[in-house]
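Undergrad: Just dropping this structure here.
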């Protein structure tokens with residue numbers, strides 16, 4: 001019986017035992033004695049081809065799907081079964097066993113096959129872009145925070161600054177993928193200098209890491225960042241510009257549990273991606289004594305491009321297609337800050353801001369996939385899955401404290417909470433700056 005179970009694990013992931021194994025053995029890729037890939041054994045009963053009692057209705061994987069992604073992969077499996085039944089290479093004994101398999105699957109409690117189909121679909125492969133772009137939001141916010149500290153009272157020739165940040169958040173469940181949790185941390189190091197009385201320019205570099213987790217899925221992404229920025233202050237009007245280029249290296253681990261036959265597969269995948277972020281912000285400062293308010297607006301462009309990759313580790317491994325996302329955005333907000341001069345001549349500046357960001361264009365996240373083990377030229381195992389979309393709208397609240405230790409040194413701490421159409425995030429950022 002264990003042999004039949006292992007054969008069935010292969011069977012329902014497109015090879016269906018007979019054709020996939022026979023083609024592989026003909027090429028010499030697999031040994032015929034491999035217990036998983038041997039043709040289905042005949043029953044030990046005296047009349048193995050005696051017709052079985054038909055099921056009340058035809059069995060289709062599509063009828064057991066619980067989500068859009070599960071339905072996509074179920075249709076591929078149904079097409080594979082139909083293709084196999086119509087093949088001359090699928091003999092009477094295999095059809096006999098397949099009838100019993102169909103009856104067994106039809107007898108399972110509702111939802112059991114649906115959960116397995118969602119695992120087979122690899123839904124979180126469609127969330128990699130959304131998750132990576134979400135991990136870049138703290139970097140863009142940190143860079144903007146450093147640029148905003150430059151105004152016409154910053155008359156030093158140069159400045160260096162260091163920021164460290166950490167955040168956590170989650171993406172909503174969509175199309176069969178469970179909600180995805182994220183934890184991120186990173187550092188940015190920047191330097192800027194004055195060009196004239198109004199313009200300052202700077203360079204920034206950094207590194208960040210993200211951990212992804214969900215049911216039967218784990219992943220991590222390591223990223224390197226390089227960018228440039230500029231700021232111009234003309235009286236109350238401030239113009240801030242920035243660009244950030246990032247390279248990402250990710251790896252995933254996921255499990256497919258054939259719980260109805262006590263069989264599991266542990267799959268892994270590695271991929272590379274790049275992203276570009278460009279933004280411009282215009283603010284107008286309103287001063288009343290030590291109180292400062294600044295309404296601001298901004299525009300931005302973000303692009304993410306991931307290469308295709310191939311999973312390893314089992315018969316349900318997938319070829320995961322490349323993915324590209326790119327969107328324009330607009331931002332509106334208000335920032336308020338107040339200066340308090342302490343007895344020791346240090347200056348404490350609490351600040352509070354609120355902003356609303358809107359994305360334009362296609363915010364969906366879709367990926368084309370196919371089964372690695374399905375190599376027949378006359379059968380297409382491709383299917384499309386959907387993941388959690390990018391946030392069409394996002395409300396971000398920030399509050400922080402900046403402390404000027406002297407005319408040359410300052411430190412700061414900022415808390416951020418963001419509420420998007422499909423995600424929630426919060427994080428802390430600490431900064432040190434030295435002017436020279």
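In full-length UniProt numbering, the protein residues as written are 1 to 436.
Note that beta-carbon positions come from the ideal geometry of N, C-alpha and C, so glycine has one too.
Computed from a predicted structure; not experimentally measured.
Leaving out the 5 sequence neighbours to the left and right, which residues in its chain are closer than 8 Å to residue 207 when beta-carbon positions are compared?
TA: 186, 187, 222, 223, 224 and 225
Undergrad: Taking 9 Å as the cut-off, decide whether the C-beta atoms of residue 398 and residue 417 are in contact.
TA: Yes; because the gap between Cβ atoms is below 9 Å, this pair is in contact.
Undergrad: From residue 117 to residue 293, what does the alpha carbon distance come to, in whole angstroms?
TA: Near 54 Å, if we compare the C-alpha coordinates of residue 293 and residue 117.
Undergrad: Tell me which same chain residues have a C-beta within less than 7 Å of the C-beta of residue 142, skipping the five on either side of it?
TA: 163, 165, 188 and 429
Undergrad: Where residue 138 and residue 94 are concerned, what is the direct C-alpha to C-alpha distance, given to the nearest angstrom?
TA: 56 Å
Undergrad: Can you give, in chain order, each stretch of the alpha helix (DSSP H) that sits fully within the region 164 to 225 and has at least 4 residues?
TA: Given a length threshold of 4 residues, the region 164 to 225 has no whole run of the alpha helix (DSSP H) inside it.
Undergrad: To which residues of the same chain is residue 113 closer than 6 Å at the C-beta, ignoring the five residues directly before and after it?
TA: 64
Undergrad: Which residues in the same chain as residue 299 place their Cβ atom closer than 6 Å to its Cβ, once the five residues preceding and following it in sequence are excluded?
TA: 280 and 330, listed in sequence order.
Undergrad: I'd like the ranges of any beta strand (DSSP E) spanning at least 3 consecutive residues and lying wholly in the region 310 to 337.
TA: 318 to 320
Undergrad: Cβ of residue 134 within 9 Å of Cβ of residue 425?
TA: yes
Undergrad: Helix, strand or coil: which one does DSSP assign to residue 435?
TA: strand
Undergrad: Which word fits residue 197, buried or exposed, when buried means at least 16 other C-beta atoms lie within 10 angstroms of its C-beta?
TA: Only exposed fits residue 197, as fewer than 16 other CB atoms lie within 10 angstroms of its CB.
Undergrad: Which runs of the beta strand (DSSP E) spanning at least 3 residues fall entirely within the region 232 to 286, listed in chain order?
TA: 237 to 258 and 263 to 284
Undergrad: Hey, is the region 333 to 346 in contact with the region 371 to 391, meaning 3+ C-beta pairs nearer than 8 Å?
TA: no
Undergrad: Taking residue 423 as the reference, which of 210, 182 and 273 has the closest Cα?
TA: 182
Undergrad: Measuring straight from C-alpha to C-alpha, what distance separates residue 83 and residue 71?
TA: 18 Å
Undergrad: If you follow the beta strand (DSSP E) that residue 149 is part of, which residue opens it and which one closes it?
TA: Where residue 149 is concerned, there is no enclosing beta strand (DSSP E), given that its DSSP letter is neither H nor E.
Undergrad: Ordered along the chain, which non-local residues of its own chain (more than five positions away) have a Cβ less than 6 Å from that of residue 213?
TA: 181
Undergrad: Could you give the distance in angstroms between the alpha-carbon of residue 356 and the alpha-carbon of residue 59?
TA: Their Cα atoms are separated by approximately 50 Å.
Undergrad: Let me make sure I understand the geometry here. Which of 174, 120, 219 and 136 has the alpha-carbon closest to that of residue 382?
TA: 120
Undergrad: Starting from the Cα of residue 243, find the closest Cα among 227, 419 and 365 and give me that residue.
TA: When each option's Cα is compared against that of residue 243, the closest is 227.
Undergrad: Residues in the same chain with beta-carbon distance under 7 Å from residue 167, minus the five sequence neighbours each way, listed in chain order, please.
TA: 138, 184, 425, 426 and 427
Undergrad: What residue range does the beta strand (DSSP E) around residue 412 cover?
TA: Residues 409 to 420.
Undergrad: Hey, how far is the Cα of residue 414 from the Cα of residue 144?
TA: 12 Å
Undergrad: Mapping DSSP to helix, strand and coil, what is residue 44?
TA: Reliability of the predicted coordinates at residue 44 is poor, the pLDDT of 37 falling under 50, and the value obtained from them is presented with this limitation in mind. Note: residue 44 maps to coil in three-state DSSP.
Undergrad: Roughly how many whole angstroms lie between the Cα atoms of residue 22 and residue 313?
TA: With a pLDDT of 37 at residue 22, under the threshold of 50, the predicted position of this residue should be treated as unreliable, though the coordinate-derived value follows. Residue 22 and residue 313: Cα-Cα distance of roughly 21 Å.
Undergrad: Name the DSSP beta bridge partners of residue 353, please?
TA: 335 and 398
Undergrad: Which residues does DSSP list as the beta-bridge partners of residue 377?
TA: Answer is none; residue 377 lacks a bridge partner.
Undergrad: Go ahead and label residue 389 buried or exposed: buried means 16 or more other beta carbons lie within 10 angstroms of its beta carbon, across all protein chains shown.
TA: buried
Undergrad: Residue 268 to residue 217, Cα distance in whole Å?
TA: 10 Å
Undergrad: Could you check the C-alpha separation between residue 353 and residue 395 for me, to the nearest Å?
TA: 11 Å
Undergrad: Helix, strand or coil, according to DSSP, for residue 302 in the structure here?
TA: strand
Undergrad: Taking residue 79 as the reference, which of 307, 378 and 401 has the closest Cα?
TA: 378
Undergrad: Can you give me the start and stop residues for the alpha helix (DSSP H) that residue 367 sits inside?
TA: From DSSP, residue 367 is part of no alpha helix (DSSP H) but of the beta strand (DSSP E) over 366 to 371.
Undergrad: According to the neighbour-count rule (16 or more other Cβ atoms, all chains shown, within 10 Å of its Cβ), is residue 91 buried or exposed?
TA: exposed
Undergrad: Exposed or buried, residue 343, counting other C-beta atoms within 10 Å across all chains shown (16 or more means buried)?
TA: exposed
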